[in-house]
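In our numbering, the protein residues as written are 257 to 596.
Here's the structure we're looking at; comments come further down.
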Ligand code: KG4
Ligand code: ZN
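Right under this line is the structure:
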């Protein structure tokens with residue numbers, strides 16, 4: 257998207273296992289978005305090892321920032337502000353980005369903005385299509401599953417959240433049981449399209465008026481089903497297990513989102529977070545939004561998983577509202593979205 261807003265913001269993201277820096281103009285125009293993934297280093301442990309993540313961020317962050325500025329063809333002197341993920345995330349990982357941002361902001365006397373990681377995921381959509389309000393965002397990532405109602409820019413009301421495992425976490429854990437590499441979400445998604453949902457798995461609807469989610473029961477059901485089949489000497493086709501699991505997840509996510517949109521009288525939906533890369537979820541949401549005349553935005557795959565362009569986009573909105581941080585900015589592993 258292009259813009260008449262000339263604000264140039266550097267975004268920095270180090271909350272988990274991606275070191276990323278990006279330069280965004282006017283909150284919508286991506287001049288660069290450099291992402292360095294650590295997945296190869298964490299794969300052999302089957303998940304993200306916090307200490308290893310912090311060390312990689314320390315090694316990478318300066319180079320990634322330099323690369324982002326170079327690709328955007330700007331210098332630090334061209335920047336209007338620096339936005340960085342403040343939380344939630346791994347504390348050691350967050351601290352690397354926050355301190356890099358603080359150091360640069362202090363040295364160059366630039367305004368500093370602390371961004372909530374989930375606000376960033378939601379604003380990835382603003383890079384594609386201008387956000388209009390009220391809207392409902394389905395946030396699905398490795399650490400979060402939330403339904404967020406927004407009546408205006410920068411105003412978040414969490415109307416539902418997971419009571420146990422986040423959806424991405426459930427994907428990764430089930431994938432691990434199936435012997436798939438970390439992170440298992442994309443592998444499960446691929447397999448699900450090769451199989452049939454032949455196994456009857458539960459859907460956790462919770463109380464009839466609740467928008468909360470729960471995925472740990474589903475995860476246990478898959479593990480038990482596999483275990484029981486093994487004891488009977490049967491071999492379940494992994495494609496069918498993946499398809500059945502994905503069907504249950506999508507059914508609950510899409511049904512609750514649609515109900516919330518109707519009850520809240522919202523006709524604009526946005527999908528956010530790493531699991532927004534899921535092909536099955538994207539297809540189903542597109543289909544129900546069409547049937548129900550709802551406008552839907554889904555970021556392209558590169559903006560679904562962690563990246564700094566989304567942080568710069570949310571940061572620009574905060575900059576324009578005057579929501580600046582000071583030198584007390586710190587990594588906050590448990591930062592709440594509604595307090596952003
Ligand atoms: O948002 P994200 O990059 O990091 C967090 O903030 O957590 O999300 C990562 C999560 C992982 O659990 C990964 O398995 C999942 O997103 N994921 C997927 C797909 N692509 C990534 N899950 C299901 N289907 C996919 N295609
Ligand atoms: Zn994320």
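The beta-carbon is built from N, C-alpha and C at its ideal position, and this holds for glycine as well.
Taking the Cα positions, residue 490 is about 10 angstroms away from residue 483.
With a cut-off of 7 angstroms, the C-beta of residue 582 is classified as distant from the ligand KG4, since no heavy atom of the ligand falls inside that distance. Between the beta-carbon of residue 358 and that of residue 585 there is about 6 angstroms, and that keeps the pair under the 8 angstroms contact cut. Looking at 310, 328, 360 and 323, the one whose alpha-carbon comes closest to that of residue 346 is 310. Exposure of residue 548 is indicated by the presence of fewer than 16 other C-beta atoms within 10 angstroms of its C-beta. Every beta strand (DSSP E) of 3 residues or more that sits fully in the stretch 505-585 is shown, in chain order, as 524-528 and 551-553.
Ordered along the chain, residues surrounding the ligand ZN are 397 and 562 [Cβ under 5 angstroms from any heavy atom].
A residue is called buried once 16 or more other Cβ atoms fall within 10 Å of its Cβ, and residue 524 is buried on that count. Taking 8 angstroms as the upper bound for CB-CB distance, residue 596 and residue 412 are in contact here, some 6 angstroms apart.
Contact check for residue 569 against residue 380 passes: the beta carbons are separated by less than 8 angstroms. Judged by DSSP in its simplified three-state form, residue 480 adopts helix.
The distance from the Cβ of residue 451 to that of residue 485 is about 15 angstroms, inconsistent with a contact at the 8 angstroms cut-off. Between the alpha carbons of residue 277 and residue 388 lies a gap of roughly 26 angstroms. For residue 533, the shortest separation between its Cβ and any heavy atom of the ligand KG4 lies below 7 angstroms. A straight-line Cα-Cα distance of about 31 angstroms links residue 302 and residue 322.
Placement of the Cβ of residue 427 at a distance of less than 7 angstroms from at least one heavy atom of the ligand KG4 is found. A straight-line Cα-Cα distance of about 19 angstroms links residue 588 and residue 308. For residue 384, the three-state secondary structure derived from DSSP is coil.
In the structure shown, residue 265 falls within a strand segment according to DSSP collapsed to helix, strand and coil. Distance from the CA atom of residue 268 to the CA atom of residue 537, rounded to whole angstroms, is 28 angstroms. If you draw a straight line from the Cα of residue 476 to the Cα of residue 434, it comes to about 13 angstroms. Bridge pairing for residue 285: 281 [DSSP]. In this structure, the ligand KG4 has a non-hydrogen atom nearer than 7 angstroms to the beta-carbon of residue 272.
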